[in-house]
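Before any comments, here is the structure.
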Amino acid sequence: MLINSVALILEETLEAALLISMLLAMTGLWLNSKRWLLYSFLLGFASAYLYAATMADISEWFNYVGQEVVNAFLQAMIAVLLMLFAWQVYSGADNVKHKNLMMCCAAAVVFSICREGAEILLYLKGFSASHEAYLAVMIGSGLGFGIGISVGVLLYYGLVNISLSYKLQLYRVLLAIFSGNMLSQACVQLIQADWLPAAQPLWDTSSWIAEHSISGHILYSLIGYEATPSGLQILAYLIGIAAVLMITMLADSRRSSYE
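Residue numbers (the working numbering): 201 to 459.
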């Protein structure tokens, strides 16, 4: 129970922590104030609590696949917001519109905390009636949360301290991977809801890295690792990556034409 809690909470925390660290480091080049992050945390936590509290009703939506559909929407919106963020950054250069940048980042953080936070709250609530298991779950959850936050902090300081000449290229890659990850996860949710057709997996790497192992959970948060992905998942992943790369290339071209 302890190890399971560490792995599950680590996965949920790490995904949000990585997104927040990435956006915080990237906006540091243009935004001096971090007030937007505080507001995003407050709204995100409130949304997570409301989402978790109404999950029973939401699950009945769309012929009892409401949770999957809402999660897919949140993840797809994060991908779209990252694409808008990429356009704003790479087309604007020194003339980035701060208000638009803050709105993209804040909305992405709120959606991420809402989804991940609701999952954590529901998981903890499921063990609240069992006093023996609850202690182990809380300890494991605390460890998983602490590890996730620590990795996010390390990523942030790693990103802000790299050479300026490499920053925009690295940010481009990170945005592409995260966007692909979000679209792939949204695809999985819609397959589970039977809104997209299920298909045979293209490969199976579970004998190398099991999805439910700690390594599997970490890789899932980092790159959206799936041991048995379907063709639609891979396609969604590639679309997310390609969209960000194309957006940044077009943005670079647009900026160069004005210089």
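Backbone N, C-alpha and C fix where the C-beta goes; we use that ideal spot for every residue, glycine too.
The Cβ atoms of LEU383 and GLY342 lie no closer than 7 Å to each other. When the alpha-carbon of ASP404 is set against those of CYS387, THR428, TRP395, GLN385, the nearest one is in THR428.
Counting along the chain, GLU319 sits inside the alpha helix (DSSP H) bounded by residues 298-326.
Annotation note: the stretch 206-247 contains no uninterrupted alpha helix (DSSP H) run of length 4 or greater. Counting C-beta pairs closer than 8 Å gives fewer than three between the stretch 233-243 and the stretch 369-388, which falls short of the contact rule. In this chain, ASN361 is not harboured by any alpha helix (DSSP H), its DSSP state being neither H nor E. Taking the Cα positions, VAL206 is about 14 Å away from TYR420.
DSSP, reduced to helix, strand and coil, places LEU368 within a helical segment of the structure shown. Per DSSP, the unbroken alpha helix (DSSP H) holding HIS417 starts and ends at 414-423.
A distance below 6 Å between beta-carbons, with the five flanking residues on each side excluded, links ALA306 to the following residues of its chain, in chain order: TRP236, SER240. About 15 Å separates the Cβ atoms of GLY266 and CYS314, ruling out a contact at the 8 Å cut-off. Closest by C-alpha distance to GLU316, out of ALA272, ALA451, SER330, is ALA272.
Going by DSSP, ALA256 is part of the alpha helix (DSSP H) stretching over 255-258. Note on geometry: alpha-carbon atoms of LEU224 and LYS367 lie some 13 Å from one another.
Distance from the CA atom of ASN381 to the CA atom of ALA451, rounded to whole angstroms, is 22 Å. In the same chain as SER259, and ignoring 5 residues on each side of it, the C-beta atoms closer than 6 Å to its own belong to GLY266, GLN267, in chain order. Here DSSP, grouped into helix, strand and coil, assigns VAL265 to coil. PRO401 and GLY431 have their C-alpha atoms spaced approximately 7 Å apart. Ranked by how close their Cα comes to the Cα of LEU390, the residues ASP257, TYR264, PHE285, GLU212 have TYR264 in first place. By a beta-carbon distance limit of 8 Å, GLY348 contacts ALA217. Their separation comes to about 5 Å.
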